[in-house]
């Protein structure tokens, strides 16, 4: 009797694929596609390594008391009269963008949602397991080809694409995240080069025909801290365009300004990407996380409860206003922040109150000059669309209308002003509860988690973690207590124990036992109480979801 062998990936020299074999995945991980990814890794790995070391060196200076600021050496770029390439007509109108992970049903619903853009996410909204990443590449290929469908057996419903869909943008992971399932020359590939490389290789030609009207593909770029990191992306894009034989400037990307150092580099980031840019986005949740991380060595900069750190805080409003001025001065979109609310189906009054908060936030954005904004749920798209369209005079964007010259007076002090507010026991409890529940979901493969009527992703979990760490590190005194209460390891230990009991009560005993809540609690607690702040929650926890398999044929 002949033996039957399981398949294995056909890899080029120097490449090892350690993820589980799957026939569908093999259609993505072709020899030529892996060769393209490997070429990107070999060409850019030293530049990426240097950029990450620069991040660490800058953080060491911040920890010793230095403050972020505008770079005097790039003053001529900031003051120069230059512009980015014209915005492609296919994406001139980006009034509402919906975001979500690269899951099959999510992709279909988001593309059908009525939003102008869908940002399919390999980053904060996705737990980067092998299955999620490769299945996501399959899903995106099918979406670009127009063949994607989903049979929801539980609801006895088949989902297909409408004739008219949102424009597809893809967000790869940040420069700091590795992909341990794929090795090039014995070392893990940079995660974003896997995400970008595989997607571009399989989809650039079809996308430019069906979605980009001769341009594309389109991307969002996360976690950038300095223009040198944007410069690497620009070179990656040029390398990909040369490989594909398409014009320079075909690929377009929006950079998320979601780190405090990057707000002082916005002109420089756009300048490096000027042939490939279509704007900047206010990634406000990560921006708050970055504020704490940047000032981890500054005990005089303790944040109030995270729910109080909104866009009306002076440092947040200054960041938004300067982003709008910078983008419009350079001829590209200035995108607003995320509305994370999800419908409250069992409480119409609470749902309407939440929608009213969304409307007020979006009215502030459009009046400030933003060209569009983000929504986490399809139910938010109609009210947001109404706010923006009724305040934009029938124009697809405000690039020429809202110049915001007044924001040219924004100073370093405006961008660094300490946020005002109180620190409370409820804030400590909410941070702990959200952080543990999010991480438990992430460890089981879910990166976008509905919690307390908000759609949480890694950014909000990061805020929870670093704020707890900051309060513990410096013994923050909580407001609103009858007696003076200082955050100590002993107090935090009691809070963790009580919040774990509450989580068990809320999710139910069986789900609690089946889930990874205890493991998540250990990781989250360890990070909150660590003497040194870990750079990223997910980077620290990544080893828990890596599952390597030998890429050799085996008998069954």
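Residue numbers (the UniProt record's numbering): 1 to 556.
Even for Gly, the Cβ is constructed at its ideal location relative to N, Cα and C.
Inset, instruction - Please name the residue in 319, 434, 524 whose C-alpha comes closest to that of residue 261. - result: Along the chain shown, one-based indexing puts residue 261 at 261. Between residue 261 and the set 319, 434, 524, the nearest pair of CA atoms involves 319.
Legend entry - Beta-carbon proximity check, residue 448 vs residue 125, cutoff 9 Å: Position 448 of the chain shown, counted from the start, is the residue given in the question as residue 448. Position 125 of the chain shown, counted from the start, is the residue given in the question as residue 125. Less than 9 Å divides the Cβ of residue 448 from the Cβ of residue 125.
Inset, instruction - Measure the beta-carbon distance from residue 174 to residue 223 and round it to whole angstroms, keeping in mind my assumption that it falls under 8 Å. - result: One-based indexing of the chain shown puts residue 174 at position 174. One-based indexing of the chain shown puts residue 223 at position 223. With 8 Å as the limit, residue 174 and residue 223 qualify as a contact, their Cβ atoms being about 3 Å apart.
Inset, instruction - Can you tell me which of 381, 487, 321 puts its alpha carbon nearest to the alpha carbon of residue 427? - result: Locating residue 427 in the chain shown gives position 427, counting from the first residue. Answer by Cα proximity: 487.
Legend entry - Member of 269, 51, 197 whose CA lies at the smallest distance from the CA of residue 74: In the chain shown, counting from the first residue as 1, residue 74 sits at position 74. Put simply, of 269, 51, 197 the residue whose alpha carbon is nearest the alpha carbon of residue 74 is 269.
Inset, instruction - Check residue 304 in the structure and name its three-state DSSP category. - result: Position 304 of the chain shown, counting from 1, holds the residue named residue 304. Here residue 304 sits in coil by DSSP.
Inset, instruction - Note down the Cα distance separating residue 542 from residue 130, rounded to an integer number of angstroms. - result: Here residue 542 refers to the residue found at position 542 of the chain shown. Here residue 130 refers to the residue found at position 130 of the chain shown. When rounded, the distance between both Cα atoms is 11 Å.
Legend entry - Selected residue, minimal CA-CA separation from residue 285, among 455, 250, 400, 93: What you label residue 285 is simply residue 285 of the chain shown in a count that begins at 1. For residue 285, the nearest C-alpha among the options comes from 455.
Inset, instruction - Kindly indicate which three-state DSSP category residue 62 falls into: helix, strand or coil? - result: Here residue 62 corresponds to residue number 62 of the chain shown, with the count starting at 1. Secondary structure of residue 62 (DSSP, three-state): helix.
Inset, instruction - Use the C-beta contact count for residue 374: other C-beta atoms within 10 angstroms, 16 or more gives buried, fewer gives exposed. - result: The residue labelled residue 374 in the question sits at position 374 within the chain shown. Buried.
Legend entry - Buried or exposed (CB count within 10 angstroms, at least 16 for buried), residue 154: Residue numbering aside, residue 154 sits at position 154 when the chain shown is read from its first letter. It counts as exposed.
Inset, instruction - Just the C-alpha distance for residue 395 and residue 163, rounded to the nearest angstrom, thanks. - result: In the chain shown, counting from the first residue as 1, residue 395 sits at position 395. In the chain shown, counting from the first residue as 1, residue 163 sits at position 163. The alpha-carbon of residue 395 is positioned some 24 Å away from that of residue 163.
Inset, instruction - Could you tell me whether the segment 489 to 501 touches the segment 410 to 420, using the rule of 3 or more Cβ pairs below 8 Å? - result: Taking a contact to require three or more Cβ pairs closer than 8 Å, the segment 489 to 501 and the segment 410 to 420 do not qualify as touching.
Inset, instruction - Rank 475, 105, 361, 221 by C-alpha distance to the C-alpha of residue 300 and give the top, closest one. - result: What you label residue 300 is simply residue 300 of the chain shown in a count that begins at 1. The shortest Cα separation from residue 300 among 475, 105, 361, 221 belongs to 475.
Legend entry - Proximity winner among 504, 178, 359, 118, relative to residue 538 (alpha-carbon distances): In the chain shown, residue 538 corresponds to position 538, counting from 1. Ranking the options by Cα distance to residue 538, first place goes to 178.
Legend entry - Cβ-Cβ separation, residue 171 to residue 220 (assumed contact under 8 Å), whole Å: For this step, residue 220 is matched to residue 220 along the chain shown. For this step, residue 171 is matched to residue 171 along the chain shown. Right, their Cβ atoms sit about 4 Å apart.
Legend entry - 9 Å Cβ cutoff met for residue 77 and residue 306: Taking the first residue of the chain shown as 1, we reach residue 77 at position 77. Taking the first residue of the chain shown as 1, we reach residue 306 at position 306. The answer is no: Cβ separation not under 9 Å.
Legend entry - For residue 232, three-class secondary structure by DSSP: Mapped onto the chain shown, residue 232 falls at position 232. Correct three-state label for residue 232: helix.
Legend entry - Where the alpha helix (DSSP H) through residue 401 begins and ends: By 1-based counting over the chain shown, the position of residue 401 is 401. It is not in any alpha helix (DSSP H) - residue 401 carries neither H nor E in the DSSP assignment.
Inset, instruction - Have a look at residue 335 and residue 545 and give me their C-alpha separation to the nearest angstrom. - result: Taking the chain shown and counting its residues from 1, the one referred to as residue 335 is at position 335. Taking the chain shown and counting its residues from 1, the one referred to as residue 545 is at position 545. In a straight line, the C-alpha of residue 335 is about 33 Å away from that of residue 545.
Inset, instruction - State the Cα-Cα distance for the pair residue 100 and residue 87, rounded to the nearest angstrom. - result: As a working note, residue 100 is residue 100 in the chain shown. As a working note, residue 87 is residue 87 in the chain shown. Straight-line measurement puts the Cα of residue 87 at about 24 Å from the Cα of residue 100.
Inset, instruction - Return the bridge partner residues of residue 227 from the DSSP annotation. - result: Walking along the chain shown from the start, residue 227 turns up at place 227. Its beta-bridge partners do not exist; DSSP assigns none.
Inset, instruction - Tell me whether residue 133 is buried or exposed, calling it buried when 16 or more other Cβ atoms sit within 10 Å of its Cβ. - result: Looking up residue 133 in the chain shown gives position 133. If you draw a 10 Å sphere on the C-beta of residue 133, you find 16 or more other C-beta atoms in it, and that means buried.
Inset, instruction - Could you tell me which of 42, 94, 40 sits nearest to residue 384, measuring between CA atoms? - result: Here residue 384 refers to the residue found at position 384 of the chain shown. Proximity to residue 384 across 42, 94, 40 peaks at 94, based on C-alpha coordinates.
Legend entry - Beta-carbon proximity check, residue 265 vs residue 71, cutoff 9 Å: One-based indexing of the chain shown puts residue 265 at position 265. One-based indexing of the chain shown puts residue 71 at position 71. Cβ distance < 9 Å, so residue 265 and residue 71 count as in contact.
Legend entry - residue 108 in three-state terms, based on DSSP: Counting from one through the chain shown, the residue named residue 108 turns up at place 108. Note: residue 108 maps to helix in three-state DSSP.
Inset, instruction - Over the uninterrupted alpha helix (DSSP H) stretch that includes residue 493, give me the two end residues. - result: Translated into the one-based positions of the chain shown, residue 493 becomes position 493. Where residue 493 is concerned, the enclosing alpha helix (DSSP H) starts and stops at 489 to 507.
Inset, instruction - For the alpha helix (DSSP H) holding residue 255, just list the boundary residues, first then last. - result: Taking the chain shown and counting its residues from 1, the one referred to as residue 255 is at position 255. In this chain, residue 255 is not harboured by any alpha helix (DSSP H); it is covered by the beta strand (DSSP E) spanning 252 to 257.
Legend entry - Three-state class that DSSP yields for residue 3 in the structure shown: Stepping through the chain shown from its first residue, residue 3 is reached at position 3. Annotation note: pLDDT 40 at residue 3 (below 50); position unreliable, coordinate value reported separately. Note: residue 3 maps to coil in three-state DSSP.
Inset, instruction - Report the rounded CA-to-CA distance for residue 310 versus residue 392, giving the unit in angstroms. - result: One-based indexing of the chain shown puts residue 310 at position 310. One-based indexing of the chain shown puts residue 392 at position 392. So the two alpha carbons sit approximately 24 Å from each other.
Inset, instruction - Report the rounded CA-to-CA distance for residue 508 versus residue 431, giving the unit in angstroms. - result: Along the chain shown, read from residue 1 onward, the residue named residue 508 stands at position 508. Along the chain shown, read from residue 1 onward, the residue named residue 431 stands at position 431. Separation of residue 508 and residue 431 (C-alpha to C-alpha, rounded to the nearest whole angstrom) is 20 Å.
Legend entry - Contacting residues, own chain, Cβ-Cβ under 7 Å from residue 366 (five flanking each side not counted): The residue labelled residue 366 in the question sits at position 366 within the chain shown. Shown here for residue 366: same chain residues with a beta carbon closer than 7 Å to its own, the five before and five after excluded, namely 387, 388, 391, 392 in chain order.
Inset, instruction - Grab me the residues of residue 359's own chain with a C-beta within less than 7 Å of its C-beta, minus the 5 sequence neighbours each way, in chain order. - result: If you number the chain shown from 1, residue 359 lands on position 359. 383, 387.
Inset, instruction - Could you check which residue in 147, 339, 442, 253 has the C-alpha nearest to that of residue 98? - result: Taking the first residue of the chain shown as 1, we reach residue 98 at position 98. When only C-alpha atoms are compared, the closest one is 339.
Legend entry - Cross-strand partners of residue 171 (DSSP beta bridge): One-based indexing of the chain shown puts residue 171 at position 171. 121.
Legend entry - Inter-stretch contact (C-beta, 8 Å, three-pair minimum) for the segment 236 to 251 and the segment 29 to 44: As far as the Cβ criterion goes, the segment 236 to 251 touches the segment 29 to 44, which means the pair count is three or higher.
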